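Peer 1: Keeping their order, the protein sequence lines are chains A and B. Counting along the first sequence from 1, when you hit position 277 you're at 276 in numbering that gives the first Met the number 0, and nothing is skipped either side. Counting along the second sequence from 1, when you hit position 284 you're at 283 in numbering that gives the first Met the number 0, and nothing is skipped either side. This is the structure I have questions about; it appears just below.
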Amino acid sequence: MNIRTLSFKGGTHPPHSKEATEKLAVVKAKSPEVVVIPMQQHIGAPCEPIVKVGDEVKVGQKIGEPKGFVSSPVHSSVSGKVIAVEPRLYSGGTKVNCVVIQNDMQDTISETVKPKGSLETLSADEIKEIIKESGIVGMGGAAFPTHVKLAIPPGKTVDTVILNGAECEPYLTSDHRLMLENPDAVVYGLKALMKALSVTKGFIGIENNKPDALEAMYNAAKDEKDIEVVALKTKYPQGAEKQLIYACTGREVPSGGLPADVGVVVNNVGTSAAIADAIKTGIPLIQRIVTVTGKGVKNPQNLLVKIGTSFREVIDECGGFSGRVGKVVAGGPMMGIAQYSIDIPVIKGTSGILVLTEEEAKLPEPSNCIRCGKCVNVCPINLMPFMISNYSLLDRFDKAEEVNAMDCIECGSCSFICPAKRPLVDSIRVAKREILAKRKKAQSK
Amino acid sequence: MLDSTMFRVTSSPHIRSGETTQRIMLDVIIALLPALFAGIYYFGMRSLIVTLVSVLFAVATEVAMQKIMKRPVTVDDLSAVVTGILLAFNVPSTAPLWMVAIGSIFAIAIVKHCFGGLGHNFINPALAARAMLLASWPVRMTSSAFLTPGTDAVSSATPLAALKAGMLDGMSGATAATATVQTVPTIMDLFIGNVAGCIGETSALALLIGGLYLVYRGVISFRIPVAYIGTVAILSFIFGGFNPYIAVYHIFAGGLFLGAIFMATDYSTSPMTAKGQIIMGLGAGILTTLIRFYGAYPEGVSYSILLMNVATPLIDRFTMTKKFGEVKKSA
Chain A
0 MNIRTLSFKG GTHPPHSKEA TEKLAVVKAK SPEVVVIPMQ QHIGAPCEPI
50 VKVGDEVKVG QKIGEPKGFV SSPVHSSVSG KVIAVEPRLY SGGTKVNCVV
100 IQNDMQDTIS ETVKPKGSLE TLSADEIKEI IKESGIVGMG GAAFPTHVKL
150 AIPPGKTVDT VILNGAECEP YLTSDHRLML ENPDAVVYGL KALMKALSVT
200 KGFIGIENNK PDALEAMYNA AKDEKDIEVV ALKTKYPQGA EKQLIYACTG
250 REVPSGGLPA DVGVVVNNVG TSAAIADAIK TGIPLIQRIV TVTGKGVKNP
300 QNLLVKIGTS FREVIDECGG FSGRVGKVVA GGPMMGIAQY SIDIPVIKGT
350 SGILVLTEEE AKLPEPSNCI RCGKCVNVCP INLMPFMISN YSLLDRFDKA
400 EEVNAMDCIE CGSCSFICPA KRPLVDSIRV AKREILAKRK KAQSK
Chain B
0 MLDSTMFRVT SSPHIRSGET TQRIMLDVII ALLPALFAGI YYFGMRSLIV
50 TLVSVLFAVA TEVAMQKIMK RPVTVDDLSA VVTGILLAFN VPSTAPLWMV
100 AIGSIFAIAI VKHCFGGLGH NFINPALAAR AMLLASWPVR MTSSAFLTPG
150 TDAVSSATPL AALKAGMLDG MSGATAATAT VQTVPTIMDL FIGNVAGCIG
200 ETSALALLIG GLYLVYRGVI SFRIPVAYIG TVAILSFIFG GFNPYIAVYH
250 IFAGGLFLGA IFMATDYSTS PMTAKGQIIM GLGAGILTTL IRFYGAYPEG
300 VSYSILLMNV ATPLIDRFTM TKKFGEVKKS A
């Protein structure tokens, strides 16, 4: 194998903590009795439910119609009867409109689910339409609608597609297992993306702590002369969009800009495999691999879970909690969202469910900043986190903006490394919110 | 909804590194130990007593100040211990203990806590205390107080004072290394520490070992020490009439290694950016050489660092990092 190893500047090395699940093959989770499918699982406008209580639905049937361009349709993951359409709690921390379906366990597939043809015959626009109609969103966690990424604004040209297989978040192994067990689907999806954007260069970037995945992807892509599998130095946040683009192409996405500004579109490997499924079988995005892990769960696993299955059921399938649980996180430990309830559904962006013990979840006591400069060294955006944080804690959001608070990607490297355990990224988040609120206010005047 | 409150909810990240302030300070203390042993070896047990008194008063003052100000007592972060050791390293082994105690109290109470405590002092507490002691009791802090290593005899002069007095004028390395043993120490003596001086500054070798440990542990970067020592080397080579012997002598003599490795790199009072740290090293190097060659004092390390401490906020402001994506505005 002749694989280049690439990286970016800055970053940090949290313990991988992937041992619990990296060797475990993906197992299909039990089909749940009831699924709760939120009408908003993506960044953008929520969907309008197009089914009502009492309706019979089938697997893959569209149940939520997007309102607005930046949005993505939602499909049923089971067949059965709609028993409620009401606001329910989800992993975003608020309540959103959900369609609740009683599973009839028949798995009757909707008539709309049928193969869409081959890559050779499908046109670029047809591929984009399939991606849009299949409810494909970024599966790395942020869940940005994929078809919006593919709609390149006039005046910009894209020449490269990068697939993100870095999986730099500790604990998570869902992308790892996918690349190992289904590398052909990942390559197929990348070819579809490249055709949809008419580009001739594709990268698949994988952190070098996953040599088996690198090898599997390399072999799957070895006959594709336009696709290069690259190793990425194992360093957090290697999978952050701008850092990944820099590592693969050496291009810097301008401050405040988008990947398309440097001619690149980035998608997660999971997204790519979902696109392959949508084209080959016609099945929309109704299930995903979820890494259920952490010391607080009895039998950590990589599960293939139907969208709408509750965290509680997924955790139960892994033997339930182990010991005293301190925290349940949707996603990884660096950027995932802590949950106060496990009665919330798995959604398209749920890459993992991480259960930390009470001991691990203990809050460190912050002390004085000793100006060691570690936060400055690790910041992948080259900001001065301590400075933004200090201004934010003094409510000087104007000054925080001056020292580039809005460029922060909230990766959490600064808070992770800080020896004084200061709430750096937390206070920067507060500053960003305040600055945005002020901008909005200024606009409405 | 009752069981819903069983989980802790916080902003990410949900894991933290093992780095702590205490661990960093412990590393600094470990790095200072070789120099302490060298001090004890050359100047006797009195060095250890001075160091212990200095540390004791530093820690006690920190506890007292934090109690008075009704703040949490944070002596377990070990930063006061570091200040105590550094202050002791900057006085002669013959220094009276009451004077050392006053220095410690001044460093912690005035320089550190009056400005907000750890991380907020604008000049290095140990160096500020040294400057205060030097101004208040000059005789007890300079030449006549320094012991000749291995004896109880008071030294005639420190190596730098000898340089200043012109004892080495016109000498080449070879002749100085052999012929002048009686009057001034050889370079090898300087390097291993067999010379008169303050407790901690005597052995460049011991300080270098500590410095390498700190760089290895990631506590400090090599930027300030290398820029500082390098500048002194180049400038003394030029000012010394392009005599390499003078340049080498200047590097190993006096408190340069102690200052460059342990004092100029003090987090609170040195710049945080890479560029700023190099400026800090250059500036301190230029000032030190100027003072040594053209100033009234034989030694200039402490005043140079103090002056650069004061310039640090300015340096930080002008060396702000360039954020990712700022350079190229378009593809």
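Ideal Cβ placement from N, Cα and C applies to all residues, glycine included. Bear in mind the structure is a predicted one, so any value in this text is a computation, not a measurement.
Could you pull out every unbroken alpha helix (DSSP H) segment of at least 4 residues lying fully inside the segment 49-131 of chain B, listed in chain order?
Peer 2: 78-88 and 96-104
Peer 1: Whole angstroms is fine: what's the gap from L31 of chain B's alpha carbon to G199 of chain B's?
Peer 2: 8 Å
Peer 1: Hey, I129 of chain A and I343 of chain A: beta-carbon distance below 7 Å or not?
Peer 2: no
Peer 1: Over what stretch of residues does the beta strand (DSSP E) that includes T288 of chain B continue unbroken?
Peer 2: Per DSSP, T288 of chain B belongs to no beta strand (DSSP E); it is in the alpha helix (DSSP H), A273 to Y293.
Peer 1: Is there contact here, the segment 53-64 of chain A with the segment 113-129 of chain A, by at least three beta-carbon pairs under 8 Å?
Peer 2: no
Peer 1: So which residues on chain A does L257 of chain B lean against when the C-beta distance must stay under 8 Å?
Peer 2: Chain A residues near L257 of chain B: none, gap ~20 Å exceeds 8 Å.
Peer 1: So, is K131 of chain A buried or exposed, given that buried needs 16 or more other C-beta atoms within 10 angstroms?
Peer 2: buried
Peer 1: Below 7 Å between beta carbons: does that hold for K347 of chain A and L302 of chain A?
Peer 2: No, they are not a contact pair.
Peer 1: Do V157 of chain A and L192 of chain A have their C-beta atoms closer together than 7 Å?
Peer 2: no
Peer 1: For chain A, is any of its Cβ atoms less than 7 Å away from the one on S11 of chain B?
Peer 2: yes
Peer 1: Relative to the C-alpha of A195 of chain A, which candidate in A:G91, A:D124 and A:D106 has its C-alpha closest?
Peer 2: A:D124
Peer 1: Between which two residues does the alpha helix (DSSP H) containing V413 of chain A stretch?
Peer 2: Position check: residue 413 of chain A holds Cys in this sequence, whereas Val was assumed. First-last of the alpha helix (DSSP H) with C413 of chain A: S412 to I416.
Peer 1: Along the segment 57-79 of chain B, what residues have a CB closer than 8 Å to any CB found in chain A?
Peer 2: T73, D76 and S78
Peer 1: Kindly indicate the opening and closing residues of the alpha helix (DSSP H) around V463 of chain A.
Peer 2: Residue 463 of chain A is absent from the model: chain A starts at 0 and stops at 444.
Peer 1: Tell me G351 of chain A's beta-bridge partners as DSSP assigns them.
Peer 2: A:T290
Peer 1: Quick one: is K321 of chain B buried, meaning 16 or more other Cβ sit within 10 Å of its Cβ, or exposed?
Peer 2: Of the other Cβ atoms in all chains shown, fewer than 16 fall within 10 Å of the Cβ of K321 of chain B; this residue is therefore exposed.
Peer 1: Determine the direct distance from the alpha carbon of R395 of chain A to that of N403 of chain A, and round the result to whole angstroms.
Peer 2: 13 Å
Peer 1: Would you mind listing the beta strand (DSSP E) stretches within the segment 335-416 of chain A that are 3+ residues and don't spill past its ends, in chain order?
Peer 2: 336-338 and 351-356
Peer 1: Taking Cβ positions, are A436 of chain A and C368 of chain A nearer each other than 7 Å?
Peer 2: No, the pair does not count as a contact, with Cβ atoms beyond the cut-off.
Peer 1: Mind checking the segment 260-283 of chain B against chain A and listing, in chain order, the residues whose C-beta falls within less than 7 Å of any C-beta there?
Peer 2: Y266, S267, M271 and T272
Peer 1: What's the gap between the Cα of A178 of chain B and the Cα of Y41 of chain B?
Peer 2: Reliability of the predicted coordinates at A178 of chain B is poor, the pLDDT of 41 falling under 50, and no value is obtained from them.
Peer 1: Work out the CA separation of S6 of chain A and A246 of chain A for me, nearest whole Å.
Peer 2: 5 Å
Peer 1: Is any beta-carbon of chain B found at less than 7 Å from that of S97 of chain A?
Peer 2: Correcting the residue type first, residue 97 of chain A is Cys in the shown sequence and not Ser. Chain B, which has no Cβ nearer than 7 Å to the Cβ of C97 of chain A, makes this no.
Peer 1: Is it the case that the Cβ atoms of L86 of chain B and A125 of chain B are separated by a distance below 7 Å?
Peer 2: Yes; because the gap between Cβ atoms is below 7 Å, this pair is in contact.
Peer 1: Checking 7 Å against the spacing of the C-beta atoms, do G299 of chain B and Y227 of chain B come in under that value?
Peer 2: no
Peer 1: Since F202 of chain A and E223 of chain A are thought to touch, with beta carbons under 8 Å apart, how far apart are those beta carbons, to the nearest angstrom?
Peer 2: Contact flag wrong, Cβ pair sits at about 11 Å.
Peer 1: Just curious, the alpha helix (DSSP H) that E132 of chain A is in, first and last residue?
Peer 2: A123 to E132
Peer 1: Within the 7 Å Cβ cut-off, does E18 of chain B reach chain A?
Peer 2: The C-beta of E18 of chain B comes closer than 7 Å to at least one C-beta of chain A.
Peer 1: Whose Cβ in chain A lies nearer than 8 Å to the Cβ of A321 of chain B?
Peer 2: Per the sequence shown, residue 321 of chain B should be read as Lys rather than Ala. Residues of chain A passing the Cβ test: N381.
Peer 1: Among residues of its own chain, excluding the 5 on either side of S78 of chain B, which ones have a beta-carbon nearer than 6 Å to its beta-carbon?
Peer 2: M24 and L117
Peer 1: Hey, quick one: how far does the beta strand (DSSP E) through A161 of chain B stretch, first residue to last?
Peer 2: A161 of chain B -> not in any beta strand (DSSP E); alpha helix (DSSP H) instead, spanning P158 to K163.
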